[in-house]
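Reading through the structure tokens given below for one structure.
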């Protein structure tokens, strides 16, 4: 048996690093990396030392540089950059899964890379600023003007895919958009993290594309209010005031009152009822989901709360059936790697890193390492992002 190469880590740093993750106990860590919890406890107490390989596994899991374990004292803890608003039955999901924590860390890390390689000569226009006295309608109208949105659309062929369309609009205005993967919809739907430059919006990739479109604007509403939130976006009447306000702003951005009312009345007269076909026809004009439409109808007092709940339940059942079919089709469809990558990481991030290479700020190898892709994928990624 070979000699064990010990890592002479600072045990205090092991405790500090774990405290910044969702791992409450060493048993939680054991579930992820298959290192016995009792061994990790001994390392944290300073009674034993991990091997270099074991310490590197911990550093990777905790998403910190390996060298951090050798500091003389812990760095100052960063303030959590968002408020957790995932309410359910008047409770808060206090414990976040490692998967969600890891995904949020990845996206924040990508933004930090963008800032590191940003060309200071590039002009950046920040988000509009509003006063507390501004009405929801005025806020929504200003945001539409800022984003260049002309609603309603003539038909769905104008935008083809609602989420991709609105994602492109946000990224073209300096908002970083990404998708969170491997996390159940029941745990989160969207998150916003405000920064003066390259604020972040991320949505759950498991959601329906048109539901993601509403989630994007809900999170934009948080951003223009200079707030940052982790959300379920479930239209629950028990949501806090901030969530309700952002729902209302998002609805007014995507479905402006006058235009929405005109189209809803005309469409309802044609179908003679608020059927799924009727709601989908309205939804097509605004690139939103039928659920968003029926919620908007309820807010504008076009349907009763009873009717809203009845229709909502029918739509959810219909969505669940379609989602199962969509998920099965996805498993049978081979999506090219570069498309999966861009759907996850976003076009803005990828484009900025590639632009840094083209300007000579970073080398080709550094670009590949920063993007975490093999060189064989660079050509297709470049063609996809440089001409959008």
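In my numbering, the protein residues as written are 893 to 1280.
Note that CB positions come from ideal geometry on N, CA and C, so glycine has one too.
In this text the structure is predicted, and so the values were computed from the model without any measurement.
- What's the call for residue 1208, buried or exposed, on a 16-neighbour Cβ count within 10 Å? exposed
- Query: Per DSSP, which one or two residues make a beta bridge with residue 1096?
  - Reply: 1072
- Task: Return the residue from the list 934, 1172, 916 and 1124 that minimises the CA-CA distance to residue 1079.
- Result: 1124
- Task: Return helix, strand or coil for residue 981, following the three-state DSSP convention.
- Result: Model confidence at residue 981 stands at a pLDDT of 49, short of 50, so the residue's coordinates are unreliable and nothing is read from them.
- Task: Go ahead and pull the three-state DSSP assignment for residue 911.
- Result: helix
- Message: To the nearest angstrom, how far is the alpha carbon of residue 1046 from that of residue 947?
- Response: 58 Å
- Message: Let me confirm a value: residue 981 is counted as buried when at least 16 other C-beta atoms fall within 10 Å, else exposed. Which label applies?
- Response: The predicted position of residue 981 is uncertain, since its pLDDT is 49 and thus under 50; a value taken from the coordinates is nonetheless stated next. Exposed: under 16 other Cβ atoms inside 10 Å.
- Message: Quick test of the definition: if touching needs 3 or more C-beta pairs under 8 Å, does the region 1121-1141 touch the region 1150-1166?
- Response: no
- Beta carbon of residue 1180, beta carbon of residue 1070: below 8 Å? no
- Query: Is the beta carbon of residue 977 less than 8 Å from the beta carbon of residue 1121?
  - Reply: yes
- Item | Same chain, Cβ closer than 8 Å to residue 1153, five either side skipped, listed in chain order | 1192 and 1194
- Message: Which residue wins for smallest C-alpha separation from residue 1177, given the options 1116, 1102 and 1110?
- Response: 1102
- Message: Considering just the uninterrupted stretch of the alpha helix (DSSP H) at residue 925, what are its terminal residues?
- Response: 918-925
- Pair within 8 Å by beta-carbon distance, residue 1043 and residue 1106: no
- Query: Anyone know if the C-beta pair for residue 993 and residue 1073 falls short of 8 Å?
  - Reply: no
- Message: In the DSSP output, which residue or residues are listed as bridge partners for residue 886?
- Response: No statement about residue 886 is possible, as the shown extent of the chain runs from 893 to 1280 and does not include it.
- Item | Reference residue 1064; option with closest CA among 1052, 1150 and 1091 | 1091
- Message: For residue 1273, report the span of its alpha helix (DSSP H) as first-last.
- Response: 1270-1278
- May I ask you to verify whether the region 1108-1117 touches the region 1130-1141, counting CB pairs closer than 8 Å and requiring at least 3? yes
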